[in-house]
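K.L.:
Numbering (the numbering used here), first residue to last: 670 to 888. Glycine is no exception: its CB is placed at the ideal position from the N, C-alpha and C atoms. So that we are looking at the same thing, I have put the structure below in structure tokens.
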Amino acid sequence: MSNIKLSPRLLAAAEFVRKDKSVCDVGTDHALLPCYLYSNGVKDVTASDINDGPLEAAKETIKKHIGEDCPINLVKSDGLNNVSYADDIIIAGMGGELIARIIKECKFLNPDISFILQPMTKAETLRRELYKNGFRIEAEKTAEEGDKLYVIMKVSYTGISKDVSDAFSYTGLCKDKKYLTKQKNTLLKAAESCKTSAPEKSSLLYDTITEIEKIISEV
């Protein structure tokens, strides 16, 4: 077992990884997650980043935790553009809009691929874009770091485009009452702030809030 300590959000992402599959960590930064995965039995690991600096840092992390001859593959890539293939693709620590763009540009989509996504912002936009572009959320979990609560999604590709409700875009498959309440409160503030200036928008937001309250009551 690895003695590498991951943050709660990265550990949650690692728990979705299939050990017998090839894995790519997109935007790897210091490559702690790939080192953790390799040390815990995932032997086909790629770490990619768009910038040279993080890749150099990744080399040092790999050298420290795994050794000089570790087969973790380092790739300089904008998203998945220079990644030839991976079964499990992790994209963590980016905004939801950027994550959506990266997976839409994937050149090797198939139903067996699993995307493990951890948006820092705009999770609701990511969920809408996923379903619009033929993806489906299989599972969601949350991870708490300090006063921040992050959502981690396991996503598959279906090729079938569909629209989702506003309530689903804000809640997804998450069953964490704290997260759901946070989403509800965010919408409540927005609805209150535009009650006078944009009453129709405010009314739609309140409708979504009502749907989310029902979801919370059933958790």
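So residue 704 is in the alpha helix (DSSP H); what residue range does that whole segment cover?
P.N.:
From DSSP, the alpha helix (DSSP H) with residue 704 extends over 701-708.
K.L.:
Whole angstroms are fine: how far does the CA of residue 864 sit from the CA of residue 705?
P.N.:
If I take the Cα positions, the gap works out to 48 Å.
K.L.:
Three Cβ pairs or more, each shorter than 8 Å: is that satisfied between the region 678-692 and the region 720-737?
P.N.:
Judged by Cβ distances under 8 Å, the region 678-692 makes no contact with the region 720-737, as fewer than three pairs qualify.
K.L.:
Using a threshold of 7 Å, state whether the C-beta atoms of residue 813 and residue 841 are closer than that.
P.N.:
No, Cβ-Cβ distance for residue 813 and residue 841 is not below 7 Å.
K.L.:
Is there contact here, the region 747-755 with the region 763-777, by at least three beta-carbon pairs under 8 Å?
P.N.:
Yes: the two stretches touch, three or more of their Cβ pairs being nearer than 8 Å.
K.L.:
Have a look at 847, 739, 858 and flag the residue whose alpha-carbon is nearest the alpha-carbon of residue 817.
P.N.:
Here the closest residue by C-alpha is 847.
K.L.:
Tell me the DSSP secondary structure of residue 760 in three-state form.
P.N.:
The answer is strand: DSSP assigns residue 760 an E or B state.
K.L.:
Measuring CA to CA, which of 727, 682, 735, 686 is closest to residue 672?
P.N.:
Ranking 727, 682, 735, 686 by Cα distance to residue 672 puts 735 first.
K.L.:
Judging by CA-CA distance, which residue of 801, 767, 789, 754 is the nearest neighbour of residue 782?
P.N.:
Of 801, 767, 789, 754, the residue nearest in Cα terms is 754.
K.L.:
Write down every uninterrupted run of the alpha helix (DSSP H) in the region 759-833 whose length is 4 residues or greater and which is fully enclosed by it, in chain order.
P.N.:
For the region 759-833, whole alpha helix (DSSP H) runs of length 4 or above, ordered along the chain, are 765-773, 792-801.
K.L.:
Taking all protein chains shown into account, decide if residue 785 is buried (16 or more other Cβ within 10 angstroms of its Cβ) or exposed.
P.N.:
Counting Cβ neighbours within 10 Å, residue 785 comes out buried, since at least 16 surround it.
K.L.:
Hey, how far is the Cα of residue 756 from the Cα of residue 792?
P.N.:
Taking the straight line joining both Cα atoms gives about 23 Å.
K.L.:
Pull up the distance between the alpha-carbon of residue 845 and that of residue 888, whole angstroms please.
P.N.:
Distance between the alpha carbons of residue 845 and residue 888: 8 Å.
K.L.:
Assign residue 697 to buried or exposed, taking buried as 16 or more other Cβ atoms, counted over all protein chains shown, within 10 Å of its Cβ.
P.N.:
It is buried - the Cβ of residue 697 has at least 16 other Cβ atoms within 10 Å.
K.L.:
In terms of DSSP beta bridges, what is residue 716 paired with?
P.N.:
In DSSP, residue 716 forms a bridge with 694, 743.
K.L.:
Quick one: measure Cβ to Cβ for residue 821 and residue 682, integer angstroms, because I've assumed they're closer than 8 Å.
P.N.:
The pair is a contact, with the Cβ atoms about 5 Å apart (cut-off 8 Å).
K.L.:
My output table needs one value for residue 754: the three-state DSSP class, helix, strand or coil.
P.N.:
Note: residue 754 maps to coil in three-state DSSP.
K.L.:
Have a look at residue 714 and residue 795 and give me their C-alpha separation to the nearest angstrom.
P.N.:
Near 25 Å, if we compare the C-alpha coordinates of residue 795 and residue 714.
K.L.:
On the CB-based measure, 16 or more other CB atoms within 10 Å of its CB, does residue 777 come out buried or exposed?
P.N.:
That one is exposed.
K.L.:
Would you identify the three-state DSSP class for residue 748, choosing helix, strand or coil?
P.N.:
Note: residue 748 maps to coil in three-state DSSP.
K.L.:
Buried or exposed for residue 788, please, with buried defined as at least 16 other CB atoms from any protein chain shown within 10 angstroms of its CB.
P.N.:
Its Cβ being crowded by 16 or more others within 10 Å, residue 788 is buried.
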